[in-house]
Amino acid sequence: MISLLVWLCTYNCNLNCTHCYIKGRSSNEINTEKAMRLISQVAEIMPRHFSISGGEPLTRKDIFKLLEACQSYMLNTSIVTNGMLLGEAEAEKLAKLDIHVYISLDAATKETASLIRGVKAWNSALKAIKNMSKAGVKFSTIMTITPENYLEAGKFVELSAEVKASHASLIPMIPSGAAAKRELKSHQLLMAFRQAEEKADELGFPISFWCSPYLKWIKKSKYIYIGGCPDNAIDIDPEGNTLLCDVLQIKINNALKLGLKRAIKEYMSHPISQMFKNPSALKGKCKNCQYKEKCGGGCRARAYLKSGDFFSSDPLCPLTKQA
């Protein structure tokens with residue numbers, strides 16, 4: 000069973016965030032007819048979780064028709080949004096469709112959010128949260144950890160609890176797209192992690208850290224879930240191409256041309272995919288690490304983007320010094 004299928008339904012967005020990993024990508028998103036066909040094929044494989052992301056999904060004029068299709072197939076569906084287009088009417092529709100919303104805040108203060116996401120982003124996101132709360136939409140918050148906001152991780156968890164999010168998700172910045180020439184340091188990630196962990200413990204509030212599996216071996220709190228790259232996860236771009244990873248533009252095949260079932264089968268057995276998920280050839284500090292089989296070397300995309308080598312060490316791993 001596919002545990003997670005992520006569909007980047009569009010690369011269009013109404014913000015210009017400093018850490019956006021799809022910045023600079025151009026792609027023709029599939030039309031409504033093809034999108035409905037893709038969703039019907041997603042329903043045939045019934046992934047544990049179907050995430051619709053972007054870009055900004057709400058810029059698609061057909062997004063609610065697509066979400067209605069997801070509901071009709073009883074897909075466990077979520078959507079990732081910045082909230083700019085999430086008014087009262089949209090919130091009510093999401094509530095009726097029982098869609099879980101992940102809303103990006105990326106900070107705990109308006110000043111930091113404005114620096115990262117633009118001056119209109121913060122108020123729009125908080126208004127969207129208010130609309131969702133009123134309509135009864137289940138939602139979670141997202142913070143991409145960057146050099147500008149890592150000291151606000153604890154306050155971000157506190158804010159997430161205050162607005163009654165179901166949980167908070169934190170994701171270390173990956174040097175792709177707009178962030179290609181930017182760098183988050185290992186000690187900054189560790190500081191953000193400890194702050195978030197302390198606040199989660201204090202409040203009894205659940206949080207998750209993604210794209211950083213090595214944190215499993217230093218966590219202390221029972222309120223933290225640590226996620227890496229599942230072997231049975233698939234990312235699909237706006238044209239229906241399966242991607243090695245959503246932060247990389249390495250395309251394996253096309254789900255609409257092959258059919259999703261066949262595309263997934265070929266994806267899983269593809270030499271590049273096999274190599275990407277094989278920890279045996281890891282180098283650097285990962286080579287002799289006792290956790291490498293379970294950790295998988297951290298984020299392979301981050302390692303590749305920083306070094307050009309899939310088997311190099313994730314530069315954010317705090318477990319050991321570089322060999």
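Numbering that gives the first Met the number 0 applies: residue 0 is where the sequence shown begins, and numbers increase by one.
Idealized CB from N, CA, C, for every residue including glycine.
- With fewer than 16 other Cβ atoms inside 10 Å of its own Cβ, M73 counts as exposed.
- In this structure, the beta-carbon distance from G53 to Y10 falls below 9 Å.
- Listed as beta-bridge partners of I225 by DSSP are F208.
- Runs of the beta strand (DSSP E) lying entirely within the region 44–81, each at least 3 residues long, are 48–52, 76–80 in chain order.
- K250 sits in a strand when the DSSP states are folded into three classes.
- For P171, the enclosing beta strand (DSSP E) starts and ends at 167–171.
- Under the Cβ criterion (8 Å, minimum of three pairs), the region 206–218 counts as touching the region 155–167.
- I141 is bridged by DSSP to S103, S168.
- Distance from I44 to I235 at the Cβ level is roughly 12 Å; contact not present, criterion being Cβ atoms closer than 8 Å.
- One alpha carbon belongs to K154, the other to K109, and they sit about 12 Å apart.
- For A280, no beta strand (DSSP E) encloses it, and the DSSP letter there is neither H nor E.
- Under the DSSP assignment, N122 falls in the alpha helix (DSSP H) whose first and last residues are 120–134.
- Scanning its chain for C-beta atoms nearer than 6 Å, with the 5 sequence neighbours on each side dropped, one finds around S159 the residues T140, A167, in chain order.
- The beta-carbon separation of G176 and I21, rounded to 5 Å, stays under the 8 Å limit for a contact.
- Contact between M0 and N287 does not hold, since their C-beta atoms are separated by about 34 Å, which reaches or exceeds 8 Å.
- The Cβ atoms of Y266 and N252 lie closer than 9 Å to each other.
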